[in-house]
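What the sequence shown shows, in full-length UniProt numbering, is residues 1 to 200, in sequence order.
Even glycine gets a Cβ: it sits at the ideal position worked out from N, Cα and C.
Please read these numbers as outputs of a predicted model, since none were measured by experiment.
The structure appears right after this line, and notes come after that.
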Amino acid sequence: MSTSRHPVLAALIGVVAVVALFLAGVALQAVGHPQPQAAAVTPSSSPSPSSPPRIGTKVRDGKFEFVVSGVDCSRTSVGPELLRRTAKGRYCVVSLSVRNFSAGTKYFVGRAQKAFDGRGGSYGNDELAGIYANRDTKTFLEKLGPGERVTGKLVFDVPAKVRLTRLELHDSLLSGGVSVLLSKKEIGGGTVRRGSAGRR
1 MSTSRHPVLA ALIGVVAVVA LFLAGVALQA VGHPQPQAAA VTPSSSPSPS
51 SPPRIGTKVR DGKFEFVVSG VDCSRTSVGP ELLRRTAKGR YCVVSLSVRN
101 FSAGTKYFVG RAQKAFDGRG GSYGNDELAG IYANRDTKTF LEKLGPGERV
151 TGKLVFDVPA KVRLTRLELH DSLLSGGVSV LLSKKEIGGG TVRRGSAGRR
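Okay, structure coming up:
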């Protein structure tokens with residue numbers, strides 16, 4: 001049968017031939033140029049969390065940088081003889097420095113600072129006792145200029161048998177705060193009886 005008599009059949013044969021040649025070319029290209037396999041991705045090990053801040057470690061909250069240098073829980077009173085303030089339990093006196101690293105002046109808010117025991121009990125800073133404890137130093141009541149640092153004391157009145165386990169230091173009353181952990185060996189003074197501690 002002549003294809004010239006059947007133009008439709010001839011056209012179909014031509015289309016089939018073109019498709020066959022195209023598929024053959026694709027197959028040869030795939031064989032000659034294999035696709036590179038994706039390199040195996042090894043999950044990177046997550047960095048180990050840094051150890052919690054402790055005494056002597058620089059910590060920051062808001063625009064303040066804090067360094068706690070010591071904690072003394074051996075006192076039952078602070079202040080001079082005539083103006084002595086006596087604790088209901090015992091005083092834990094925290095020595096620390098505060099640096100303002102912002103571009104403006106800021107006040108250090110003593111009542112924003114907190115201390116916690118191992119059971120979650122919280123204790124506020126006794127600001128009046130703090131005035132007595134800071135009588136020989138620049139107090140926290142003054143403004144801190146940009147880059148200025150002040151060293152002073154916070155005073156917490158805690159029950160005689162309570163041991164503090166951490167401090168929570170704040171840039172302001174509404175800031176998130178930063179914690180500094182306290183170990184038993186870092187705290188001066190164990191459980192004291194009223195009148196047994198040195199008075200300063």
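How big is the Cα-Cα spacing for residue i and residue j?
i: I55; j: E81; result: 31 Å
i: G130; j: S102; result: 25 Å
i: V78; j: P146; result: 31 Å
i: T105; j: V93; result: 26 Å
i: R163; j: D117; result: 6 Å
i: F66; j: Y91; result: 21 Å
i: R149; j: F64; result: 9 Å
i: S50; j: L83; result: 44 Å
i: V98; j: L144; result: 9 Å
Quick check on DSSP: helix, strand or coil for residue i?
i: A129; result: helix
i: G177; result: coil
i: L82; result: helix
i: G188; result: strand
i: residue 210; result: This structure leaves residue 210 out entirely; the chain is present only between 1 and 200.
i: G70; result: strand
i: S183; result: coil
i: E142; result: coil
i: S77; result: strand
i: R163; result: coil
What span of residues does the beta strand (DSSP E) with residue i cover, start to end?
i: R90; result: 85 to 100
i: G121; result: Neither: G121 is in no beta strand (DSSP E) and is coded neither H nor E.
i: T57; result: T57 -> no beta strand (DSSP E), and no H or E assigned at all.
i: R149; result: 149 to 158
DSSP has residue i in a bridge; who is on the other side?
i: T105; result: None, per the DSSP bridge assignment.
i: R135; result: DSSP lists no partner for R135.
Assess, as a yes-or-no matter, whether the segment 115 to 131 is touched by the segment 151 to 160 under the definition of 3 or more beta carbon pairs within less than 8 Å.
-> yes
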